[in-house]
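Colleague: Protein chains in written order, with our numbering: chain A, 43 to 173; chain B, 43 to 173; chain C, 43 to 173; chain D, 43 to 173. Here a beta-carbon is modelled for each residue, glycine too, at the ideal position from N, C-alpha and C. No experiment lies behind these values; they were computed from the predicted model shown. Okay, handing you the structure first.
There are 4 protein chains.
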Amino acid sequence: MSLTIARAEGIIKAGRATAEKLGVKVSIAVVDDRGDLVAFARMDGARFMTVAISQGKALASALFGQPSGVLAERAGSPVFQSVIQMNQGRVVFGQGAMPITEDGHGIGAVGVSGATSQQDEDVAKAGLAAS
Amino acid sequence: MSLTIARAEGIIKAGRATAEKLGVKVSIAVVDDRGDLVAFARMDGARFMTVAISQGKALASALFGQPSGVLAERAGSPVFQSVIQMNQGRVVFGQGAMPITEDGHGIGAVGVSGATSQQDEDVAKAGLAAS
Amino acid sequence: MSLTIARAEGIIKAGRATAEKLGVKVSIAVVDDRGDLVAFARMDGARFMTVAISQGKALASALFGQPSGVLAERAGSPVFQSVIQMNQGRVVFGQGAMPITEDGHGIGAVGVSGATSQQDEDVAKAGLAAS
Amino acid sequence: MSLTIARAEGIIKAGRATAEKLGVKVSIAVVDDRGDLVAFARMDGARFMTVAISQGKALASALFGQPSGVLAERAGSPVFQSVIQMNQGRVVFGQGAMPITEDGHGIGAVGVSGATSQQDEDVAKAGLAAS
């Protein structure tokens, strides 16, 4: 039970189709349950900071097995602040990432950045739904 | 469509003229759309921390395509805190930088530090207006 | 003249086909001329360190506009040691990345990690040849 | 006795004229005796890594009051390695920077990056000669 590149690319493909419909330019990052990158795509015109932020949201979601938007509420807590520091800021507790599950187990996450936080999450959900 | 050294120097020249009128001593940094430095000038008597702060404000403005003063309101947010850490503290979410545009596209930013935040922004705007 | 996601994905697809023929499991990273990630894929079974190393080789190649294998000879030089540190170790001066050009201009690089250094470079070259 | 912005800009202007004659695209950084930036210009088409490397050479030259090319021979020494680490890699012990003096006292340095090491130094020297 682990995240395959085939599934990761399916998530990105479906997410991108949704982003195009919404008219937004985003980066989409898919990570495994350890938070390590499996597949990534930056749409033409997406700002460069979306590269790191999409991965950071995916990492947050994978680490905790929850949507990153849910975690955002606790981002100011001492524990979360330590998690951010431990990872040199590369964990991003902001809306836009969803955990990827298989038979109820967390196997990774997909993180999106470049549009509004809600649109980012919508793109992530659309990617998941199709995979 | 990219920021030339000629335009960057024009912005600095006009910004400095305004700073002299205001009687303030500032650093002025012009960066491209990726946040990399194109041109820089520190006026005689400007403190050394203005070197990094002017560049940090310009970087923030370039990253998000907005005046850094607008971003300052969200500086405490978890996502912005991560962005600061990811960049080893080199992004500064404080008033005093303006995005540089060409035909409606963001091509960089100018950041100023050394006077009050409002004066810093006035110098940045004066630089842009003349370029 | 800039690297599109379409071209980046074409490079990854062709590189992966070659890696499968060689029977190796690799990560393939495509970055733009600034070294920022455009597309990425980690084949099933590729070790997690290949994620960072493929990107680091691509970054080195993009920074200098040369195959990373050519740069490897100078990796111990003082200047290169500083470049590694400036980038928090994220630049990797090892064989396995090739610059991507368009009309003779460097627009990015493709970096590969997971097999022998020579195979890594072969995969990168195969990706480029097909794009 | 300190480095003025007027002198720094004169050095950059003369350096650039020489770079144009040589047909090379460089970044030129002028720092004070503390190594802090006073003025900077990146010529159109100079690679982004030249931004950090020109400043790093200037910093090395200012710190030791010598041409950075002379320091390059000792770059592997334990002390110099510590200096590099203390400064997060931002000191670059490579040819291309010259100290700026006034009445025999070091007041700063000019660092150049983007061409061959010798050409970088030639540009730095030309800038100094004219100022």
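Straight-line CA distance for D:R132 to D:Q123?
Modeller: The alpha-carbon atoms of D:R132 and D:Q123 are separated by roughly 12 Å.
Colleague: Would you list, in chain order, the members of the segment 69-86 of chain B that have their beta-carbon closer than 9 Å to a beta-carbon of chain D?
Modeller: Residues passing the 9 Å Cβ filter: S69, A71, D74, R76, D78, L79, V80, A81, F82, A83, R84, M85 and D86.
Colleague: Using alpha carbons as the reference points, say which of B:V121, B:T60, B:I126 and B:E163 lies closest to B:Q137.
Modeller: B:Q137 has its Cα closest to that of B:E163, out of B:V121, B:T60, B:I126 and B:E163.
Colleague: Please report the straight-line C-alpha distance between C:V66 and C:R89, rounded to a whole angstrom.
Modeller: Their Cα atoms are separated by approximately 11 Å.
Colleague: Which residues, in chain order, does the segment 94-122 of chain A contribute to contact with chain B at a C-beta distance below 8 Å?
Modeller: The segment 94-122 of chain A vs chain B, Cβ under 8 Å: A94, I95, G98, A114, A117, G118 and F122.
Colleague: As a quick exercise: from C:Q160, C:A172, C:K55 and C:E51, pick the residue whose alpha carbon is nearest that of C:P109.
Modeller: It is C:Q160.
Colleague: B:T143 by DSSP, collapsed to three states: which one?
Modeller: Here B:T143 sits in strand by DSSP.
Colleague: Answer with yes or no whether the minimum CB distance from B:H60 to chain D is below 8 Å.
Modeller: Reading off the sequence, residue 60 of chain B comes out as Thr, not His. B:T60 does not count as touching chain D.
Colleague: Residues of chain A with CB closer than 8 Å to the CB of C:T46, please, in chain order.
Modeller: D86, listed in chain order.
Colleague: C:M140 CB to nearest chain D CB: under 8 Å?
Modeller: No - not a single Cβ of chain D is within 8 Å of the one on C:M140.
Colleague: Please list, in chain order, the chain C residues whose beta carbon lies closer than 9 Å to that of D:Q127.
Modeller: The contacting residues are Q127.
Colleague: Mapping DSSP to helix, strand and coil, what is A:A122?
Modeller: Per the sequence presented here, residue 122 of chain A reads as Phe, with Ala not at that position. Helix.
Colleague: D:S155: buried (16+ other C-beta within 10 angstroms of its C-beta) or exposed?
Modeller: Burial call: buried.
Colleague: Which residues of chain A have a Cβ atom closer than 9 Å to the Cβ of C:F135, listed in chain order?
Modeller: Result: empty, since nearest Cβ-Cβ is about 21 Å, beyond 9 Å.
Colleague: Can you tell me where the beta strand (DSSP E) with B:A71 in it begins and where it stops?
Modeller: From DSSP, the beta strand (DSSP E) with B:A71 extends over S69 to D74.
Colleague: Tell whether a beta-carbon distance below 8 Å holds between B:I70 and B:I54.
Modeller: Yes; because the gap between Cβ atoms is below 8 Å, this pair is in contact.
Colleague: Kindly indicate the opening and closing residues of the beta strand (DSSP E) around C:D83.
Modeller: The sequence shown places Ala at residue 83 of chain C, rather than the Asp named in the question. Start and end: L79 to R84.
Colleague: Take D:L113 and list the residues in its own chain whose beta-carbon comes closer than 8 Å to its own, dropping the five residues that flank it on each side.
Modeller: Cβ within range, chain order: A102, S103, F106, F122 and F135.
Colleague: Counting C-beta neighbours from all protein chains within 10 Å, is the total for D:E51 16 or more, i.e. buried, or is it exposed?
Modeller: D:E51 comes out buried.
Colleague: Anyone know if the C-beta pair for D:V68 and D:V152 falls short of 8 Å?
Modeller: Contact flag unset, no.
Colleague: Please identify the residue among C:I95, C:R76 and C:A56 whose C-alpha is closest to the C-alpha of C:T158.
Modeller: Closest by alpha carbon: C:I95.
Colleague: Could you work out which residues of chain B lie near A:Q130, taking near to mean beta carbons separated by less than 9 Å?
Modeller: Going along chain B in sequence order, the residues near A:Q130 (Cβ under 9 Å) are Q127, M128 and Q130.
Colleague: Can you tell me whether A:G57 is helix, strand or coil according to DSSP?
Modeller: Residue state, collapsed to three classes: helix.
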